[in-house]
């Protein structure tokens, strides 16, 4: 369900133009009865208030020009809320309020990570660039600290045996751990590091950082956990009465922050709804086009704890709101398959996978250290690929794509025949954030030199960069011309529509119809065709194809078309 921003009740006061995911989510929230949770009035910010900025880190923000090495666990439009969060932080600080900027800070053996039996991909690993603040937010926090405001950086999730979505400690009770990953049989009683129960290691803490004046992303000192102060303790020491939370993801870490703030004893807790974005993943999320959590159930949680939702407009002055211009829509338009395909991103897997191509058999095989974890989980490290085609590509396009100068030919590689024993959530997350897994689960493109030797590998994932035109009707007489190239549809959100098979058609490729007749040049720039039946002898009015419309690097704003091959 999509909702035009103009149709929102006036009390919501949230801008969604230019944010198609947020627009859709507002529609879902309104349908779930969230109007009852919206506080319609304006609020004056005081020194007894606190703003908590949750997990505005590189790994939670999509890859863009400011974040070329992040996006490991990205929330769509997460970068789009950064300007609003910066304004909130500066305004709260100017009013003498407390500001806490929280960082997820996991060891590489964290219990929530897929290789360690958890559900999530590795993200915000201690010392990694992905754990750093997204640049606009980090710069703001650093400036406010240097100006002497009451601003602190706090850390959560740094104990390997327990996760923590929220920034306040979870009660030491079974319900707390129904949302959290942890190691051990008894989450409430089992003692752990320093003899504490696992719950004592939930929530966020202030950790001493010797280099914090010079670097907002400075790591905690080695023994700082011994003298940690919890966020709740610091807020109480500073006289905080009201807590306002924003950031990523709104329905997990931000929501748990306000829920636990009430449990911690703070009088009021508010979620700044338009300064957050909900977790979204097609194939895993079953709400709307791919949202992970049902707004109906979320409302029940918020009603039980008397949590209120407010727009940023409730606390920001009008002049500040006016200067926050709406962004241009990029990629998603609110349509979904089969009305639209993608957009997708191309993730470089050249250094992560070692591929061998058997041109006679049309088969690829994968090996190398980066694939070992996936192979150990039952992935078939082989699949089929389409005939290579010769590209004609200009220098600016090649530079934007960061494509090897040696690349002359390109070929589409179908996904692995078997994606192993990963559960659906793990597979969906992996295919989004890991370039090697994206290639194995979703397929991708390989680029070859003039001697047809491999020089580049790109996995296809959810994102932006590969844009497709409107669907066109597939001609059933030409299905058999692609015998051996059709592959079972694997993406869950495509399977839900009834799609059974798909195939890549090369740019400018001419197909011959079954039984003779006029040949068909399907497309100029390459296309994906989809059949809604498993037999090539059948036909269905829903059969269609999407021609590639634009191709650009995932972290570059400039679009460029894929030229017609010679």
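Residue numbers (our numbering): -18 to 547. C-beta: ideal position from N, C-alpha, C; glycine also.
Cβ-based burial, residue i [other Cβ within 10 Å; buried from 16]
i: residue 320; result: exposed
i: residue 194; result: exposed
i: residue 423; result: buried
i: residue 36; result: buried
i: residue 340; result: exposed
i: residue 248; result: exposed
i: residue 245; result: buried
i: residue 478; result: exposed
i: residue 313; result: With a pLDDT of 49 at residue 313, under the threshold of 50, the modelled position of this residue cannot be trusted; read the value that follows with caution. The residue is buried, with at least 16 neighbouring Cβ atoms inside 10 Å.
i: residue -9; result: exposed
i: residue 75; result: exposed
i: residue 172; result: Its pLDDT being 46, under 50, residue 172 is placed unreliably in this model, and the coordinates cannot settle the point.
i: residue 220; result: exposed
i: residue 298; result: exposed
i: residue 120; result: exposed
i: residue 323; result: buried
i: residue 27; result: exposed
i: residue 418; result: buried
i: residue 68; result: buried
Residue i: first and last residue of the uninterrupted beta strand (DSSP E) it sits in
i: residue 218; result: It is not in any beta strand (DSSP E) - residue 218 instead sits in the alpha helix (DSSP H) that spans 212 to 218.
i: residue 365; result: 363 to 365
i: residue 250; result: 249 to 258
i: residue 348; result: 344 to 348
i: residue 125; result: Segment 116 to 127 is the alpha helix (DSSP H) holding residue 125; no beta strand (DSSP E) there.
i: residue 339; result: 335 to 339
i: residue 393; result: 390 to 394
i: residue 322; result: That residue, residue 322, is in no beta strand (DSSP E); it is neither H nor E in DSSP.
Element boundaries [alpha helix (DSSP H), containing residue i]
i: residue 280; result: 276 to 286
i: residue 7; result: 1 to 12
i: residue 294; result: Per DSSP, residue 294 belongs to no alpha helix (DSSP H) and is neither H nor E.
i: residue 244; result: 236 to 244
i: residue 380; result: 376 to 381
Backbone CA spacing between residue i and residue j [nearest angstrom]
i: residue 191; j: residue 133; result: 14 Å
i: residue 543; j: residue 450; result: Only weak support exists for where residue 543 lies, its pLDDT of 31 falling under 50; the coordinates are left without a value.
i: residue 52; j: residue 212; result: 27 Å
i: residue 183; j: residue 137; result: 7 Å
i: residue 227; j: residue 469; result: 41 Å
i: residue 482; j: residue 346; result: 22 Å
i: residue 288; j: residue 301; result: 26 Å
i: residue 165; j: residue 85; result: 22 Å
i: residue 464; j: residue 426; result: 20 Å
i: residue 78; j: residue 31; result: 6 Å
i: residue 496; j: residue 467; result: 19 Å
i: residue 519; j: residue 500; result: 20 Å
i: residue 277; j: residue 488; result: 45 Å
i: residue 161; j: residue 385; result: 43 Å
i: residue 2; j: residue 9; result: 11 Å
i: residue 366; j: residue 294; result: 52 Å
i: residue 175; j: residue 291; result: Annotation note: pLDDT 44 at residue 175 (below 50); position unreliable, no value reported.
Residues that residue i bridges to, as DSSP identifies them
i: residue 491; result: 502
i: residue 95; result: Residue 95 is not bridged to any residue.
i: residue 87; result: 106
i: residue 329; result: 439
i: residue 138; result: Answer by DSSP bridge pairing: none, since residue 138 is not bridged.
i: residue 151; result: In DSSP, residue 151 forms no bridge with anything.
i: residue 271; result: Partner(s): none; residue 271 has no beta bridge.
i: residue 224; result: 31, 250
i: residue 143; result: 163
i: residue 508; result: 486, 528
Contact with chain D by residue i, beta-carbon distance below 8 Å
i: residue 131; result: This model lacks chain D altogether, as it is built from one protein chain only.
Those runs of the beta strand (DSSP E) which lie wholly inside the segment 423 to 476 and span at least 3 residues: 425 to 429, 435 to 443, 447 to 449
Every unbroken beta strand (DSSP E) inside the segment 6 to 85 [3 residues or more]: 30 to 35, 79 to 85
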